[in-house]
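Asker: Starting off with a structure, shown below.
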Amino acid sequence: MAEGSLPSLESSELAQGPYSYMHMLLQKTILRINVATVEVRVDKQAQSRLAGLARGQAHSNGLEQQLANVAIGAEHAVVQMRFKRDIPLKRYIGVVRDNLEAARKAGLIAADLEKKVSQGLPEWFGALVDRGLLKDDRLIYAVGPDSLRTVVVSAAGQVFVDRLDREQGTRRVVLPSYFGPGTDTREGLLRSLLEANR
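Under this note's numbering, read the sequence shown as residues 14 to 211, first letter to last.
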């Protein structure tokens, strides 16, 4: 598959410019180990709503909740993680399951959807069972109105996973797992939105 056909943060379906882009460095454990950079870009409608809420505002818990709701509701979004270190697949799936649980506890996804996606993860990422995720791999989620495309591509451009899901509900798990309360990425991503556009 040609690199050009992979989901991109520069997609024409997504907004460019202020309030369209968020990014952060994901760190885990008390040793602050760098795990991955996380980038998110949303569509023009979500950008407009984010700008309306965030312009001239400082971070607060109330504002964070409002911004998170807009991000979760985006019709089109691309989430890209670029790994800073090798991660065993089992460990990555564990993190995804933790974030799915947090999203479910916040009422953002139903328990049956959490269970279905959680159980499907080993199959969806089956090509990585022995390899895992390696440094500089990119994991890309392209969220559409009725679809979710999941891609894992190496630094050299080799595609290991390219999965398109059109099953009802599946697209709804990704954004809550990044922007739900208690997830590892919500505060960092939303603070980046505010700080970049001061």
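All residues carry an ideal CB built from backbone N, CA and C; glycine is no exception.
Quantities reported herein were computed from a predicted structural model and do not represent experimental measurements.
1. Who are the Cβ neighbours of Ala15 in its own chain at under 7 Å, not counting the five residues just before and after it?
2. Between the C-alpha atoms of Ser24 and Gln93, what's the straight-line distance to the nearest angstrom?
3. Cα separation between Ala169 and Ile100?
4. Identify the residues that DSSP records as bridge partners of Leu152: which are they?
5. Compute the beta-carbon to beta-carbon distance between Val174 and Ala209, rounded to the nearest angstrom, for a pair I have assumed lies under 8 Å.
6. Report yes if the C-beta distance between Ala87 and Ala59 is below 7 Å; otherwise report no.
7. Thinking Arg95 and Ala28 are a contact (beta carbons under 8 Å), I'd like their distance in whole angstroms, please.
8. Under a Cβ-count criterion, where at least 16 other Cβ atoms within 10 Å of its own Cβ denotes burial, should Gly107 be classed as buried or exposed?
9. Given that a residue counts as buried once 16 or more other Cβ atoms are within 10 Å of its Cβ, and exposed if not, what is Glu180?
10. Does the distance from the C-beta atom of Leu22 to that of Arg54 stay below 7 Å?
11. For Val186 and Gly69, what's the separation of their Cα atoms in angstroms?
12. Once DSSP output is grouped into helix, strand and coil, what is the label at Ser160?
13. According to DSSP, simplified to helix, strand and coil, what is Ala15?
14. By the 10 Å Cβ neighbour count, where 16 or more other Cβ atoms means buried, how is Ser33 classified, buried or exposed?
Answerer: In short, the structure shows the following:
1. Within the sequence shown, the letter at position 2 stands for residue 15. The predicted model places Ala15 with a pLDDT of 39, which falls under 50 and marks its position as unreliable; any figure quoted below should be read in that light. Around Ala15: no qualifying Cβ.
2. The count along the sequence shown starts at 1 and reaches residue 24 at position 11. The count along the sequence shown starts at 1 and reaches residue 93 at position 80. Ser24 and Gln93: Cα-Cα distance of roughly 13 Å.
3. Residue mapping note: residue 169 aligns to position 156 of the sequence shown, counting from 1. Residue mapping note: residue 100 aligns to position 87 of the sequence shown, counting from 1. Cα-Cα distance, rounded: 18 Å.
4. Indexing the sequence shown from 1 puts residue 152 at position 139. The partner list for Leu152 (beta bridge, DSSP) reads Met94, Val165.
5. For the purposes of this step, residue 174 is taken as the residue at position 161 of the sequence shown. For the purposes of this step, residue 209 is taken as the residue at position 196 of the sequence shown. Not quite, the Cβ-Cβ distance comes to about 30 Å (not below 8 Å), so this is no contact.
6. Here residue 87 is taken as the residue at index 74 of the sequence shown, counted from 1. Here residue 59 is taken as the residue at index 46 of the sequence shown, counted from 1. It is a contact, given that the beta carbons lie within the stated cut-off.
7. As a working note, residue 95 is residue 82 in the sequence shown. As a working note, residue 28 is residue 15 in the sequence shown. With 8 Å as the limit, Arg95 and Ala28 do not qualify as a contact, their Cβ atoms being about 21 Å apart.
8. Taking the sequence shown and counting its residues from 1, one reaches residue 107 at position 94. Looking at its Cβ environment, which holds fewer than 16 other Cβ atoms inside 10 Å, Gly107 is exposed.
9. For the purposes of this step, residue 180 is identified with residue 167 of the sequence shown, where counting begins at 1. Counting Cβ neighbours within 10 Å, Glu180 comes out exposed, since fewer than 16 surround it.
10. Counting from one through the sequence shown, the residue named residue 22 turns up at place 9. Counting from one through the sequence shown, the residue named residue 54 turns up at place 41. Cβ atoms of Leu22 and Arg54: closer than 7 Å.
11. Stepping through the sequence shown from its first residue, residue 186 is reached at position 173. Stepping through the sequence shown from its first residue, residue 69 is reached at position 56. Distance between the alpha carbons of Val186 and Gly69 is about 30 Å.
12. By 1-based counting over the sequence shown, the position of residue 160 is 147. Here Ser160 sits in strand by DSSP.
13. Translated into the one-based positions of the sequence shown, residue 15 becomes position 2. Low confidence applies to Ala15: its pLDDT is 39, below 50, so where it sits in the model is not reliable enough to give any reading.
14. Looking up residue 33 in the sequence shown gives position 20. It is buried - the Cβ of Ser33 has at least 16 other Cβ atoms within 10 Å.
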